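2 protein chains.
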Amino acid sequence: MTNPVISNSVIRRLPRYYRYLGDLKDAGYTRISSKALSEQMNLTASQIRQDLNCFGGFGLQGYGYNIDDLRKEIGHILGIDAPKKTIIIGMGNLGKALAQHLKFENKGFILTGLFDVKESLIGQMVRNIPIRSTSTLDEFCRDNKPEVAILTTPKEATHALSDQLVKLGVKGFLNFTHYDLTASHPEVTVENIHLGDSLMTLSYRLSEK
Amino acid sequence: MTNPVISNSVIRRLPRYYRYLGDLKDAGYTRISSKALSEQMNLTASQIRQDLNCFGGFGLQGYGYNIDDLRKEIGHILGIDAPKKTIIIGMGNLGKALAQHLKFENKGFILTGLFDVKESLIGQMVRNIPIRSTSTLDEFCRDNKPEVAILTTPKEATHALSDQLVKLGVKGFLNFTHYDLTASHPEVTVENIHLGDSLMTLSYRLSEK
DNA sequence: AAAGTCTTGATAATTCTTTAACAATAAGTT
DNA sequence: AACTTATTGTTAAAGAATTATCAAGACTTT
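In order, the protein sequences belong to chains A and B. Taking numbering that gives the first Met the number 0, the leading residue of the first sequence gets 0, the next gets one more, and so forth. Taking numbering that gives the first Met the number 0, the leading residue of the second sequence gets 0, the next gets one more, and so forth.
What follows is the structure in structure tokens.
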């Protein structure tokens, strides 16, 4: 698709809208105005309207937005209705925590494979999926064609591993390793999550006060 | 301290500078120019110089920056030399992963307490720290005065828990729960980490291609 | 020690993001 | 059915962030 290019800032707010709309829906509400939503979310109403209008006019003057419709629209924009096969590499505590707590199904992902190098982990079941040896990755990817990989491996392993996965057709990475991954090809997408950076940001804010 | 107010964008880049400078130091380098660093980090040299000059002129014309000095300066700016006592509440896989993998000592934090409500976890040792019952939180905080809490509890528990902790003197939160925490008092700092949002952002980028 | 090179810090220009304003229009009300 | 109120989508203005530029000055070489 060749859409008009949406700014990063807008994209990063979409999941938050999606969450809040889900909560409102669960609470039984059917409509909301940009003003009311802005108060809940600590944003300006203007920003919400501006953001949503990047994708279309989902609201109705004098009424606001239908919560369920808007949520579905945003879900569609986020690609949640196009499930992507996903593997996790590195099944230590972090890998396990992600496997168990991330609601993959709700977010457009299907967890299909778990990998680790550590003998003692191989064969363990997490969420009814067996942990496989990383040495079987090539074979698994050829058979199952996962599109997304979540990495929680040691820093040293990351670069070679991501190269291998890109060759095997993986298009998206959620990278929790200490290695700063950059997209090697234009069709590859990387989301780096450095938990340590968040800690340091917190430290800064505590120190400045 | 009443500093000239640094923008969010700058603050969020500081930890990344800190990491890269650490890597360069470990690799044995002693100096680097903004241009060379910008190429490694995929930024502009201008931005790096602009960012650093928010805090002072750490560079030298015709030479660049001394890696070790600059790293120390940024560490100091980040408050890494002022260790903050920290507790983790919620010792499921995520809490355990954070306890074991986050390098607290390097980042200005000292892990002093671990808490969970689940009977089977209480008493377990992680990093030589016992997991305590959440019911002992008041007592622990009065005795140990932790400044920072990392939350990995269920959504429902978060609001009440954070209120309780603020009353007990906790000033900083790293919030991994599905509840969007907002700083209730001006002296309280919150860093929300929604891993699900990162997944959805990734989903968007994969879908747009 | 002079000439040349490099690289900063600062300022200016540009671009991007957010906020404000308001006409248009749909819903709700009498 | 007309009138009032609410709220959008859009355009314009303001504010931030990023990038480009360049004089000043420190290092390096001859």
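For every residue, glycine included, the Cβ atom is placed at its ideal position computed from N, Cα and C. Predicted, not measured: the structure shown is a model, and the values here were computed from it.
Inset, instruction - Give every residue of the same chain whose Cβ lies closer than 6 Å to the Cβ of A/Leu-51, excluding the five residues on either side of it in the sequence, and list them in chain order. - result: Phe-57
Legend entry - Coarse secondary structure for B/Phe-172, derived from DSSP in three states: strand
Legend entry - B/Ser-6 to B/Thr-188 span [Cα, whole Å]: 15 Å
Inset, instruction - Look at the Cβ atom of B/Ile-31, then the Cβ atom of B/Ile-76, and state whether they are nearer than 9 Å. - result: no
Legend entry - Where B/Lys-154 falls, given that 16 or more other Cβ within 10 Å makes a residue buried: exposed
Inset, instruction - Look at A/Ile-86 and A/Ala-182 and say whether their C-beta atoms are less than 9 Å apart. - result: no
Legend entry - Any C-beta of chain A under 9 Å from that of B/His-177: yes
Inset, instruction - Kindly confirm or deny that the segment 123 to 130 of chain B and the segment 28 to 46 of chain B touch, where touching means at least three C-beta pairs closer than 8 Å. - result: no
Inset, instruction - With 9 Å as the C-beta to C-beta threshold (strictly closer), list the residues of the segment 98 to 132 of chain B near chain A in chain order. - result: Ala-98, Gln-99, His-100, Leu-101, Lys-102, Phe-103, Asn-105, Lys-106, Gly-107, Phe-108
Inset, instruction - Identify the contact partners of B/Met-90 in chain A, using a Cβ-Cβ distance below 9 Å as the criterion. - result: The contacting residues do not exist; B/Met-90 stays about 10 Å from chain A at best.
Inset, instruction - Within the same chain, show all residues whose beta-carbon is closer than 8 Å to that of B/Leu-93, passing over the 5 residues directly before and after it, in chain order. - result: Thr-151, Phe-175
Legend entry - Proximity of A/Ala-96 and A/Leu-113 at Cβ, strictly below 9 Å: no
Inset, instruction - With a 10 Å radius around its C-beta and 16 neighbouring C-beta atoms as the bar for buried, classify B/Arg-70 as buried or exposed. - result: buried
Inset, instruction - Please decide whether B/Ser-197 counts as near chain A, where near means a Cβ-Cβ distance under 9 Å. - result: yes
Inset, instruction - Enumerate in chain order the residues of its own chain whose CB-to-CB distance from A/Leu-120 is below 6 Å, with the five nearest sequence positions on each side excluded. - result: Met-90, Ile-130
Inset, instruction - Would you identify the three-state DSSP class for B/Asn-41, choosing helix, strand or coil? - result: coil
Inset, instruction - With 7 Å as the C-beta to C-beta threshold (strictly closer), list the residues of the segment 4 to 15 of chain A near chain B in chain order. - result: Ile-10, Arg-11, Leu-13, Pro-14, Arg-15
Inset, instruction - Return helix, strand or coil for B/Gly-126, following the three-state DSSP convention. - result: According to the sequence shown, residue 126 of chain B is Arg rather than Gly. Reduced to three states, the DSSP call for B/Arg-126 is coil.
Inset, instruction - Measure from the C-beta of A/Arg-48 to each C-beta in chain B and report whether the shortest distance is under 9 Å. - result: no
Inset, instruction - Verify whether the separation of the beta carbon atoms of A/Lys-84 and A/Glu-146 is less than 9 Å. - result: yes
Inset, instruction - Kindly say whether B/Ala-35, judged by its beta-carbon, lies nearer than 9 Å to any beta-carbon of chain A. - result: no
Inset, instruction - With DSSP as the reference, label A/Tyr-64 as helix, strand or coil. - result: strand
Inset, instruction - Flag this pair as yes or no: are the beta carbons of B/Arg-204 and A/Ile-10 separated by less than 9 Å? - result: yes
Inset, instruction - Let me know the secondary structure DSSP gives B/Asn-191 once reduced to three states. - result: strand
Legend entry - Within chain A, the residues that B/Ala-81 reaches when beta carbons sit closer than 7 Å: Ser-206
Legend entry - A/Leu-93 at chain B interface by Cβ criterion, 9 Å: yes
Inset, instruction - Report the three-state DSSP secondary structure of B/Leu-13 (helix, strand or coil). - result: helix
Legend entry - Proximity test, Cβ basis, 9 Å: A/Met-0 and chain B: Unreliable positioning characterises A/Met-0 in this predicted model, as indicated by a pLDDT of 41, which lies under 50. The coordinate reading is nonetheless provided below. Yes, its Cβ sits closer than 9 Å to a Cβ of chain B.
Inset, instruction - Return the CA-CA distance between A/Lys-166 and A/Asp-115, expressed in angstroms with no decimal places. - result: 19 Å
Inset, instruction - Could you work out which residues of chain A lie near B/Gly-171, taking near to mean beta carbons separated by less than 9 Å? - result: Leu-201, Ser-202, Arg-204, Leu-205
Legend entry - Any C-beta of chain A under 9 Å from that of B/Leu-20: no
Inset, instruction - Give the range of the beta strand (DSSP E) segment to which A/Val-4 is assigned. - result: Run containing A/Val-4: none; DSSP gives neither H nor E here.
Inset, instruction - Using only alpha-carbon positions, find the residue among A/Gln-60, A/Gly-21, A/Ala-156, A/Ile-47 that is nearest to A/Arg-12. - result: A/Ile-47
Legend entry - Contact with chain B by A/Ile-31, beta-carbon distance below 9 Å: no
Legend entry - C-beta atoms of A/Ile-88 and A/Leu-160 nearer than 9 Å: yes
Inset, instruction - Whole angstroms is fine: what's the gap from A/Met-0's alpha carbon to B/Glu-207's? - result: Low per-residue confidence applies at A/Met-0: pLDDT is 41, beneath 50, and the placement is therefore not dependable, though the value from the model is reported in the following sentence. Going by the C-alpha atoms only, they are around 6 Å apart.
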